[in-house]
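> Sharing a structure here in structure tokens format.
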Amino acid sequence: MPLRDHWRGHLLLFDQRPPTDLAPAACLKLALVFVLLECVLGPRLWLLDALGIAQPPAAIRVAVLLALALLLVRYLVRVPLAAIGLKRWSAWSLAEKSYFLQVVVAATAIFVALNPKILAVPALVLATNFAWGFYQEVVYRGILQTALVQRVGGVAGVLLANAIFTFGPLHFYHFSGNAPLPMFAAIFAIGLLFGAIFHRSGNLWIVAVFHGLGSAFLLR
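Throughout, my numbering is defined as the position within the sequence shown, counted from one, plus 233.
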């Protein structure tokens, strides 16, 4: 592997990828899947609360939402999961593989060094939080950003998807917080980075795992 492949990812210099070319009908279905998941069911299944139905445990709720999102893409939208960036490892470029492994190893080491008590957290809690972060990237980058980029272009699509990620149903509750502006600024910044990485690489695994790790180590 050439040395340059080990640092190119940090500059978002991934190998040029052919753009995902989805039919307008597929983009519309992706948008409808997003609306169903985030606006009807709700990111935390608030539809159940509205219907007076008891919420399932977090592990079940997140697993159901993630499975539902992937099944809808595959069997309702009728596109392969690679169309939203979940491509096989063999299809990754060398720059993607190196960047991914470097960040995963470094981030894990840093999180554990800063908070060794994380190792005592039950595995189910870590797995649930990881899946929750992974799910957010599937919905907002894989589904929503893919559809928007197809319809309005790269820059506008990334920015619009990230604005909805920041201020939409997922994080709307921060408006009632004591200091929402710093929180929204942080959410927008990290979301913009993830959006840019996904747009440049076309690889949803990278940002989904990064987000999952952050959620696993930071959420309780």
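We put the beta carbon where it would ideally sit given N, CA and C, even for glycine.
Values in this document were obtained by computation on a predicted structure and should not be read as measured data.
So Ala340 packs on Leu452, CB below 8 Å; how close in whole Å?
On the sequence shown, residue 340 is found 107 positions in, with the first residue counted as 1. On the sequence shown, residue 452 is found 219 positions in, with the first residue counted as 1. Rounded, the Cβ-Cβ distance is 15 Å, inconsistent with contact.
> Which term fits Leu284, buried or exposed, when burial requires 16 or more other beta carbons within 10 angstroms of its beta carbon?
Walking along the sequence shown from the start, residue 284 turns up at place 51. Leu284 is exposed by the Cβ-count criterion.
> Classify Phe247 as helix, strand or coil using the three-state DSSP reduction.
Here residue 247 is taken as the residue at index 14 of the sequence shown, counted from 1. Phe247 falls in the coil class under three-state DSSP.
> Go through its chain and collect everything with a Cβ distance to Val306's Cβ below 7 Å, but skip five positions before and after it.
Translated into positions along the sequence shown, residue 306 becomes position 73. So the list reads Val266, Val312, Leu314, Ile317, Ile376, once near-sequence residues are dropped.
> Mind checking which residues open and close the alpha helix (DSSP H) that includes Thr253?
In the sequence shown, counting from the first residue as 1, residue 253 sits at position 20. Taken as a continuous stretch (DSSP letters only), Thr253 belongs to no alpha helix (DSSP H), as it is neither H nor E.
> Less than 6 Å between C-beta atoms, sequence neighbours within five positions excluded: which residues of the same chain meet that for His407?
The count along the sequence shown starts at 1 and reaches residue 407 at position 174. Cβ within range, chain order: Pro413, Met416.
> Can you look up Ala292 in the DSSP assignment and give me helix, strand or coil?
As a first step, residue 292 must be located in the sequence shown, where it is residue number 59. Correct three-state label for Ala292: helix.
> Taking C-beta to C-beta, are Arg384 and Cys272 nearer than 9 Å?
Taking the first residue of the sequence shown as position 1, residue 384 is located at position 151. Taking the first residue of the sequence shown as position 1, residue 272 is located at position 39. No; because the gap between Cβ atoms is not below 9 Å, this pair is not in contact.
> When you compare each of Val295, Ala291, Gln288 to Leu270 by their alpha carbons, which one comes out closest?
Numbered from 1 along the sequence shown, position 37 holds the residue referred to as residue 270. Cα-wise, what sits closest to Leu270 is Val295.
> Assign Lys320 to one of three DSSP states: helix, strand, or coil.
Start at 1 with the first residue of the sequence shown, and residue 320 comes out as number 87. Three-state result, Lys320: coil.
> Report the rounded CA-to-CA distance for Phe421 versus Arg433, giving the unit in angstroms.
By 1-based counting over the sequence shown, the position of residue 421 is 188. By 1-based counting over the sequence shown, the position of residue 433 is 200. Rounded to the nearest angstrom, the two C-alpha atoms are 18 Å apart.
> Ser326 by DSSP, collapsed to three states: which one?
Sequence index remark: in the sequence shown, residue 326 carries index 93 (1-based). Correct three-state label for Ser326: coil.
> Just the Cα atoms here: how many angstroms apart are Trp279 and Pro235?
Residue numbering aside, residue 279 sits at position 46 when the sequence shown is read from its first letter. Residue numbering aside, residue 235 sits at position 2 when the sequence shown is read from its first letter. Roughly 49 Å separates the two Cα atoms.
> Can you grab the Cα-Cα spacing for the pair Ala291 / Val371, in whole Å?
As a first step, residue 291 must be located in the sequence shown, where it is residue number 58. As a first step, residue 371 must be located in the sequence shown, where it is residue number 138. If you take the alpha carbons of Ala291 and Val371, they lie about 18 Å apart.
> Starting from the Cα of Ala192, find the closest Cα among Ile423, Ser409, Asn411, Gly410 and give me that residue.
Because the chain is modelled from 234 through 453, residue 192 falls outside the range shown and cannot be assessed.
> Use the C-beta contact count for His444: other C-beta atoms within 10 angstroms, 16 or more gives buried, fewer gives exposed.
Within the sequence shown, numbered from 1, the residue matching residue 444 stands at position 211. The residue in question, His444, is buried, as its Cβ has 16 or more Cβ neighbours within 10 Å.
> Would Arg241 and Ala328 qualify as a contact pair, given that the criterion is a beta-carbon distance under 9 Å?
Within the sequence shown, the letter at position 8 stands for residue 241. Within the sequence shown, the letter at position 95 stands for residue 328. Going by C-beta atoms, Arg241 is nearer than 9 Å to Ala328.
> Using the three-state DSSP reduction, which class does Gly401 fall into: helix, strand or coil?
If you number the sequence shown from 1, residue 401 lands on position 168. Coil.
> When you compare only the Cα positions, how much space is there between Leu392 and Arg277?
Here residue 392 is taken as the residue at index 159 of the sequence shown, counted from 1. Here residue 277 is taken as the residue at index 44 of the sequence shown, counted from 1. Cα to Cα, the separation comes out at about 24 Å.
> Please list the terminal residues of the continuous alpha helix (DSSP H) segment that includes Gln378.
Numbered from 1 along the sequence shown, position 145 holds the residue referred to as residue 378. Looking at the DSSP string, Gln378 is not in any alpha helix (DSSP H), and its letter there is neither H nor E.
> Which residues in the same chain as Phe344 place their Cβ atom closer than 6 Å to its Cβ, once the five residues preceding and following it in sequence are excluded?
Here residue 344 is taken as the residue at index 111 of the sequence shown, counted from 1. Hits under 6 Å: Phe450.
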